[in-house]
Structures are given as C-alpha cells and as structure tokens.
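Visitor:
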Amino acid sequence: MTSVMRQIQAWGTSQSQHTVRSALAFVPILIFIGLVGVGTTVILLQLLRLMPERGTFTLQTFFGATTLFSAMMVSVLVAAHLWARWLGYNGLGFIGLNSRFGSGVLGLILGVGAQTVSFGMLSALGWLQLQGVNFSGQAIINVALLTLSSLNAAVVEEAVFRGVLYSVFRPRWGWWRTALITAIVFALPHFLTNTYTSFFSAGLGLLIGGVLFAWAREIGKSLWLPMGIHFGWNAAIGWLNLAAGDTPHLLITKLNGPAWAVGNWVLNDWALLVILALSLLAVTFKARGAG
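Just so you know, we're using the numbering used here here: the sequence shown kicks off at 9 and counts up by one.
Right, dumping it as structure tokens:
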C-alpha cells in the first residue's frame with residue numbers, strides 16, 4: 009500500500025511539474041513574438057514620429073496609440089496560438105476564444121452596467137458630483153484613447169491569465185486553486201505598479217476581482233465573457249470619469265468623499281466587486297436552469 013501511495017505521489021508531482029513547465033513555456037514564446045511585433049511597431053512609430061506621448065490628445069497620438077495597442081494585442085494572441093499548437097491543442101480555441109463570442113457582449117453589458125450603478129451609488133452618497141460635460145476635441149480623443157487602452161488591457165490580460173494560465177492549470181488543479189493562482193498572478197503586477205491606499209481595501213479587491221474573472225471564464229465556457237466584463241469595467245471608468253481625473257473627459261466630475269472611501273477608487277472597486285458577483289451569480293443560475 010505504501011509503495012502504491014508513493015507511486016501516486018510521484019505521478020502527481022511529475023504531472024504538476026509538467027503543468028508548470030507547460031505554463032512557463034509560454035514566456036519565451038511571448039517574449040520573442042513581442043520583441044518582433046511590438047518592437048518593430050515601436051521602431052516604425054519612432055521613425056514616422058507617431059509614437060504616442062502621455063498627456064497629448066491629438067489625432068496623431070490616437071493613430072500611434074491605435075497602432076501600438078493593436079501590435080500588443082496581436083502579439084499576445086499570436087504567441088498564445090503558437091504556444092497552444094506547440095502543446096498539441098487547437099490554437100486559440102484552447103485558451104477559450106471559441107465560437108461563444110456572443111457572451112462577450114453580455115460581459116460588456118455587465119461591466120458597463122456595474123460601473124453605471126457604482127456611479128449612481130457614489131452620486132447618491134454625495135461623494136461624486138457631476139459638474140458638467142465637455143465635448144471638446146481633446147476630451148473625445150482622450151476618451152477614445154482610454155477605450156483603446158481598456159480594450160488592450162482586457163485582451164492582453166485575459167488572454168494571459170484566464171486564457172493561457174487558466175487553460176493549462178484548470179484540468180490538473182481544479183477550479184478553486186486555478187482561480188486563486190491566476191488571481192494572485194493577475195493582482196500582483198497591478199498592486200506593484202499602483203499606489204493604493206491599503207492592501208486590504210484595494211489589493212485584496214484585485215484578488216477578488218481576479219477570482220470573479222475566473223468564475224466568468226468557468227461559467228461562460230469561453231474567454232469572451234471575462235474579456236467583455238474586463239473591457240466594459242475599465243472603459244466605463246473613462247466614459248463616466250469615475251476617477252475624476254484632471255485630463256479632459258466627456259463628463260466633468262469631482263470626488264468629495266473621505267479618502268478611505270473614494271481614494272484610489274477604493275469604494276468604486278468594492279462596489280463593482282459586489283455588483284459583478286451578483287450579476288455572475290444570476291448568470292450561473294440561468295446557465296444551470298438552461299442546462
């Protein structure tokens with residue numbers, strides 16, 4: 009009996025190591041494709057003097073950003089396709105980019121709807137004031153840039169975290185462990201590159217958000233649902249100017265709430281997490297009822 013248990017344990021360890029190696033194999037492929045795709049694009053934009061600059065809102069900046077973001081998204085998707093084919097799977101279908109693309113529209117509605125409700129909650133509490141509208145050329149270009157940036161973040165991050173990592177870990181480690189691992193890997197770079205008020209108020213919120221995206225990946229049976237939610241979530245922040253930023257926006261807003269509540273979108277993040285959780289719960293019950 010002991011011998012059998014040891015063999016099972018050795019097999020499990022070997023399988024786990026193989027799973028990790030399969031995931032890590034994506035890294036050099038991504039780096040190579042990224043250097044070729046994004047690197048070449050950056051060089052061309054520099055030569056043509058179209059490289060976007062932070063704080064400038066011109067058509068030239070918009071064109072440069074569109075080109076750069078497109079190169080980033082294409083590079084990640086090409087790398088994911090080559091990686092999946094190298095493992096013997098059917099390319100992008102393996103990471104969840106299948107024919108269920110209609111769920112991406114549902115995800116977009118959930119993401120934007122959650123932000124809209126959050127906007128109403130903050131306004132009702134008196135912590136967010138709508139001071140006017142701005143339809144200047146700079147505001148329109150800035151919102152267009154924020155939309156492009158949101159699309160880029162949704163495609164790139166979901167393809168990596170809920171696409172590549174989720175697809176390779178889920179069969180071996182189950183949903184809970186896979187959701188937690190991908191959420192940690194997803195939250196860490198966000199937490200390290202932003203100044204948050206508190207780890208427990210915002211950093212933990214990112215972890216929960218990562219788990220919810222994994223939940224959307226699970227119940228949607230594709231990558232389109234979390235990708236749509238992610239895109240709608242991020243884009244609506246710019247559309248509604250929930251951060252009350254200084255750059256030109258279509259809506260002119262001002263945050264008046266206490267720092268612990270509205271600083272660094274803390275309340276906004278938590279409100280979204282609750283709303284998205286309820287929305288995904290409703291979708292889960294609907295999917296079970298249809299099945």
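Backbone N, C-alpha and C fix where the C-beta goes; we use that ideal spot for every residue, glycine too.
Should the stretch 211-223 be called in touch with the stretch 162-171, which here means at least 3 C-beta pairs below 8 Å?
Guide: yes
Visitor: How about Gly72 and Leu100: are their beta carbons less than 7 Å apart?
Guide: Not in contact: Gly72 and Leu100 (Cβ atoms no closer than 7 Å).
Visitor: Quick check on Ser83: buried or exposed, where buried means 16 or more other Cβ atoms within 10 Å of its Cβ?
Guide: buried
Visitor: State yes or no: is the C-beta of Thr302 within less than 7 Å of the C-beta of Phe194?
Guide: The question about residue 302 has no answer, for the chain in this structure spans 9 to 299.
Visitor: Within its chain, find whatever has a CB closer than 7 Å to the CB of Gly112; leave out the 5 residues flanking it on each side and keep chain order.
Guide: Trp232, Leu233, Met235 and Gly236
Visitor: Specify whether the stretch 35-45 and the stretch 85-93 touch according to this definition: at least 3 beta carbon pairs, one from each stretch, less than 8 Å apart.
Guide: yes
Visitor: Mark Gly264 as exposed unless 16 or more other C-beta atoms lie within 10 angstroms of its C-beta, in which case mark it buried.
Guide: It is worth fixing the name first, because residue 264 is Asn in this sequence and not Gly. By the neighbour-count rule (16 or more Cβ atoms within 10 Å), Asn264 is not buried but exposed.
Visitor: DSSP state of Leu138, grouped into three classes?
Guide: strand
Visitor: Roughly how many angstroms separate the alpha carbons of Ile117 and Gly145, rounded to a whole number?
Guide: 27 Å
Visitor: Please classify Leu259: does DSSP put it in a helix, a strand, or coil?
Guide: Correct three-state label for Leu259: strand.
Visitor: Does the Cβ of Val28 have 16 or more other Cβ atoms within 10 Å, making it buried, or fewer, making it exposed?
Guide: It counts as exposed.
Visitor: Can you tell me whether Phe143 is buried or exposed? The criterion is at least 16 other CB atoms within 10 Å of its CB, across all chains shown.
Guide: exposed
Visitor: If you draw a straight line from the C-alpha of Asn150 to the C-alpha of Phe77, how long is it?
Guide: When rounded, the distance between both Cα atoms is 15 Å.
Visitor: Does the Cβ of Arg225 have 16 or more other Cβ atoms within 10 Å, making it buried, or fewer, making it exposed?
Guide: buried
Visitor: Please say whether Ser175 and Phe102 have beta carbons closer to each other than 7 Å?
Guide: yes
Visitor: Given a cut-off of 7 Å, decide if Val120 and Gly213 are closer than it, judged by their beta-carbon atoms.
Guide: no
Visitor: Report the residue from Thr155, Gln123 and Gln25 whose alpha carbon sits nearest the alpha carbon of His257.
Guide: Thr155
Visitor: Only counting the same chain, and skipping five residues up and downstream in sequence, which positions put a Cβ closer than 8 Å to that of Val46?
Guide: Leu76, Ala79, Met80 and Ser83
Visitor: In chain order, what residues of the same chain have a beta carbon less than 8 Å from the beta carbon of Ala243, not counting five sequence neighbours either side?
Guide: For Ala243, the CB contacts under 8 Å within the same chain, skipping 5 residues up- and downstream, are Gly119, Val120, Leu154, Thr155, Ser158 and Leu159 in chain order.
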